[in-house]
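Trainee: Going by our numbering, the first residue of the sequence shown is number 13, and it counts up by one from there.
Got a structure for you, written out below as structure tokens; questions coming shortly.
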Amino acid sequence: MKKKLVSLLTVSALTMAMLAGCGNAAADTATQTAETAETVADTATDVAETATEVAETVADAAPAGDLADKKVGVCIYQFADNFMTLFRNELESYLVSQGFSKDNITIVDGANDQATQTNQIQNFITQGVDVLIINPVNSSSAATITDLVVGANIPLVYINREPDADEEARWSSNGWNVTYVGCDARQSGTMQGEIIVDLGQETVDLNGDGKIQYVMVEGDPENVDAQYRTEFSVKALEDAGWTVDCLDDQVGNWDQATAQQLVANMLSAHPETEVVFCNNDAMALGALQSIEAAGRKVGEDIYLVGVDALTEALEDVIAGTMTGTVFNDHIAQSHGAADAAINYITGAGNEYYIGCDYVKVTTDNAQSVLDSLK
Ligand code: GAL
Ligand code: CA
């Protein structure tokens, strides 16, 4: 399993200058990195690497007997989230494959309410679980959550919603058994932008005015994934020397129906829209419904990108009804989280940050990504 230890210095340097896409005027003039040759071969390598990592992980795992009586508490921010549903299902089956008893794995739904989740954490502490895996409702509540869990002497693995740099710094400076397992959301935003850049400016600038007219549909604004994807997708266009024109930027809260409504309004107010950026695939699927309802055609008179590589989105990329997406590797992340939990239980311990890579998905490799997930 790939583990990247991010130094405290690096973490604190990652200040969150989170500007929404609109109003972020200054176009960077950095040279375009030659990333146009992202192909099936890369994906095959990535998928193979993941498979190898998983195989290594399986080999590393503690004998089943040691884990069968251990209790794991898992807090998910909201069950009604497509991506986190893939994540938690994979997490549960992998924990069982590693020797935990299904009866000792309890997964609870925070229903997108921090007070509910904090109660659930308190209940897990009272029950005396051996380890907690937490996908916080609000990343800004991480310090409170950490204090509760560390105070009860229970190791803690954060997933999906990364706590801020100050919070992560506390874990290492205190030597606490707390880690974060996830991907760097800046990479996913950059890849979204690169998918558009790789099409060429003449292709994307449909009205030929020398600017890219775009709209942005954001996830939960409290979530660093939403902040970074919004910022870095547009930055990739600017870094390629393109001029951007943000027509609208709205919060769709990761939700398909919300995004469908937002994009319907955006397209009727701004028919000149050339690119629709969505912070995740659920919202891109909603956007696609409105694009089609407006009589527009992706790949011909508009471009659309998401993140996650949900099955439906991959099918759209293959069909050409989505320009591209970015694979948010729920398999590597859930296995990494389970492995970290096991390492705490066995006393092996963990680094304070365990990273993984996103994979750019276009028509070139969507089928192979889909096949790798079957
Ligand atoms: C993101 C994912 C979104 C949503 C969110 C929840 O990484 O792309 O679809 O699941 O996490 O925090
Ligand atoms: Ca244009």
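Note that CB positions come from ideal geometry on N, CA and C, so glycine has one too.
Note that the structure is predicted; figures quoted are calculated from it, not measured.
1. If you count every other CB in all the chains shown that lies within 10 Å of the CB of Asn219, and 16 or more means buried, which is it?
2. Does DSSP classify Phe99 as helix, strand or coil?
3. For Asn189, count neighbouring Cβ atoms within 10 angstroms of its own Cβ and tell me buried if that reaches 16, exposed if not.
4. On the three-state DSSP scale, how would you describe Leu316?
5. In angstroms, rounded to a whole number, what distance separates the CA positions of Asn377 and Cys290?
6. May I have the straight-line CA-CA distance separating Asp341 from Leu326, to the nearest angstrom?
7. Between Val310 and Leu322, what straight-line distance do the alpha-carbon atoms span, to the nearest angstrom?
8. By Cβ distance below 7 angstroms, which residues in the same chain neighbour Ile314 in space, the five residues on each side in sequence not counted?
9. Got a sec, what are the start and stop residues for the beta strand (DSSP E) Gly194 sits in?
10. Among residues of its own chain, excluding the 5 on either side of Phe95, which ones have a beta-carbon nearer than 6 angstroms to its beta-carbon?
11. Among all the DSSP beta bridges, which residues are the ones paired with Asp257?
12. Buried or exposed: Ala154, going by 16 or more other Cβ atoms within 10 Å of its Cβ?
13. Considering only their Cβ atoms, is the gap separating Leu79 from Ala111 smaller than 8 angstroms?
14. Do Ile146 and Leu160 have their CB atoms nearer than 8 angstroms?
15. What do you get for Ala92, buried or exposed, if any count of 16 or more other CB atoms within 10 angstroms of its CB means buried?
16. Considering only the beta carbon of each residue, do Tyr89 and Val141 sit closer than 8 angstroms?
17. Rounding to the nearest angstrom, what Cα-Cα distance links Cys258 and Asn165 in this structure?
18. Going straight from the alpha carbon of Phe244 to that of Gly205, what length do you get?
19. Is the shortest distance between the beta-carbon of Met334 and the beta-carbons of chain D less than 8 angstroms?
20. Could you say which of Ile119, Tyr226, Cys195 and Asn124 lies nearest to Met278 if we only look at CA atoms?
21. Who pairs with Gly85 in a beta bridge, going by DSSP?
22. Please list, in chain order, all residues of the same chain as Ala306 whose beta carbon is under 6 angstroms from its beta carbon, the five residues on each side excluded.
23. I'd like the list of long-range same chain contacts for Thr270, defined as Cβ closer than 6 angstroms, with 5 residues on each side in sequence excluded.
24. Can you confirm whether the segment 117-127 touches the segment 362-370 when touching is taken to mean that 3 or more C-beta pairs between the two stretches lie within less than 8 angstroms?
25. Say yes only if the C-beta of Gln225 is nearer than 7 angstroms to one or more non-hydrogen atoms of ligand 2, and no if none qualify.
26. Quick check on Ile166: does DSSP put it in helix, strand or coil?
27. Any heavy atom of ligand 1 within a distance shorter than 7 angstroms of the CB on Val329?
28. Indicate, with yes or no, if ligand 3 has a heavy atom lying under 7 angstroms from the CB of Ala294.
29. Taking its Cβ as the centre, do 16 or more other Cβ atoms sit within 10 Å of Glu68, making it buried, or is it exposed?
30. Do you know how far the Cα of Thr138 is from the Cα of Leu84?
Mentor: Quick look at the numbers:
1. Within the sequence shown, residue 219 is the residue found at index 207, counting from 1. Looking at its Cβ environment, which holds fewer than 16 other Cβ atoms inside 10 Å, Asn219 is exposed.
2. Sequence index remark: in the sequence shown, residue 99 carries index 87 (1-based). Looking at Phe99 - three-state DSSP - the assignment turns out to be helix.
3. Position 177 of the sequence shown holds residue 189. That one is buried.
4. Here residue 316 refers to the residue found at position 304 of the sequence shown. Strand at Leu316.
5. In the sequence shown, the residue the question calls residue 377 occupies position 365. In the sequence shown, the residue the question calls residue 290 occupies position 278. Rounded to the nearest angstrom, the two C-alpha atoms are 20 angstroms apart.
6. Reading the sequence shown from its first residue, position 329 is the one you call residue 341. Reading the sequence shown from its first residue, position 314 is the one you call residue 326. If I take the Cα positions, the gap works out to 14 angstroms.
7. The residue you call residue 310 lines up with position 298 of the sequence shown. The residue you call residue 322 lines up with position 310 of the sequence shown. Computed Cα separation, rounded: 18 angstroms.
8. For this step, residue 314 is matched to residue 302 along the sequence shown. Cβ neighbours of Ile314 beyond the five flanking positions: Thr285, Glu286, Val288, Ile303 and Arg308.
9. Translated into the one-based positions of the sequence shown, residue 194 becomes position 182. Per DSSP, Gly194 belongs to the beta strand (DSSP E) from Val190 to Cys195.
10. The count along the sequence shown starts at 1 and reaches residue 95 at position 83. Within the same chain, Phe95 has close Cβ partners Asp320.
11. As a working note, residue 257 is residue 245 in the sequence shown. Partner(s): Gln225.
12. For the purposes of this step, residue 154 is taken as residue 142 along the sequence shown, with counting starting at 1. By the neighbour-count rule (16 or more Cβ atoms within 10 Å), Ala154 is buried.
13. Here residue 111 is taken as the residue at index 99 of the sequence shown, counted from 1. Here residue 79 is taken as the residue at index 67 of the sequence shown, counted from 1. For the record, residue 111 in the displayed sequence is Gly; it is not Ala. Contact: yes.
14. Here residue 146 refers to the residue found at position 134 of the sequence shown. Here residue 160 refers to the residue found at position 148 of the sequence shown. No.
15. Numbered from its first residue, the sequence shown carries residue 92 at position 80. With fewer than 16 other Cβ atoms within 10 Å, it is exposed.
16. One-based indexing of the sequence shown puts residue 89 at position 77. One-based indexing of the sequence shown puts residue 141 at position 129. No, the pair does not count as a contact, with Cβ atoms beyond the cut-off.
17. Residue 258 sits at position 246 when you count from the first residue of the sequence shown. Residue 165 sits at position 153 when you count from the first residue of the sequence shown. When rounded, the distance between both Cα atoms is 48 angstroms.
18. For the purposes of this step, residue 244 is identified with residue 232 of the sequence shown, where counting begins at 1. For the purposes of this step, residue 205 is identified with residue 193 of the sequence shown, where counting begins at 1. So the alpha carbons of these two residues sit roughly 7 angstroms apart.
19. Annotation note: the requested chain D is absent from the structure, which comprises a single protein chain.
20. Against the sequence shown, residue 278 aligns to sequence position 266. Of Ile119, Tyr226, Cys195 and Asn124, the residue nearest in Cα terms is Tyr226.
21. Residue mapping note: residue 85 aligns to position 73 of the sequence shown, counting from 1. Thr118 and Leu144, per the DSSP bridge assignment.
22. Position 294 of the sequence shown, counted from the start, is the residue given in the question as residue 306. Result list for Ala306: Leu279, in chain order.
23. Here residue 270 refers to the residue found at position 258 when the sequence shown is read from its first residue. Within the same chain, Thr270 has close Cβ partners Gly264.
24. no
25. The count along the sequence shown starts at 1 and reaches residue 225 at position 213. Correct: Gln225 has its Cβ closer than 7 angstroms to ligand 2.
26. For this step, residue 166 is matched to residue 154 along the sequence shown. Coil, per DSSP.
27. Position 317 of the sequence shown, counted from the start, is the residue given in the question as residue 329. No, the beta carbon of Val329 sits no closer than 7 angstroms to any heavy atom of ligand 1.
28. No copy of ligand 3 occurs in the structure displayed; its ligands are ligand 1 and ligand 2 alone.
29. For the purposes of this step, residue 68 is taken as the residue at position 56 of the sequence shown. Any reading at Glu68 needs caution, since the residue's pLDDT is 48, under 50, leaving its predicted position unreliable; the model's value is listed next. Burial call: exposed.
30. Taking the first residue of the sequence shown as 1, we reach residue 84 at position 72. Taking the first residue of the sequence shown as 1, we reach residue 138 at position 126. Checking the sequence shown, residue 84 turns out to be Val, not Leu. Cα-Cα distance, rounded: 13 angstroms.
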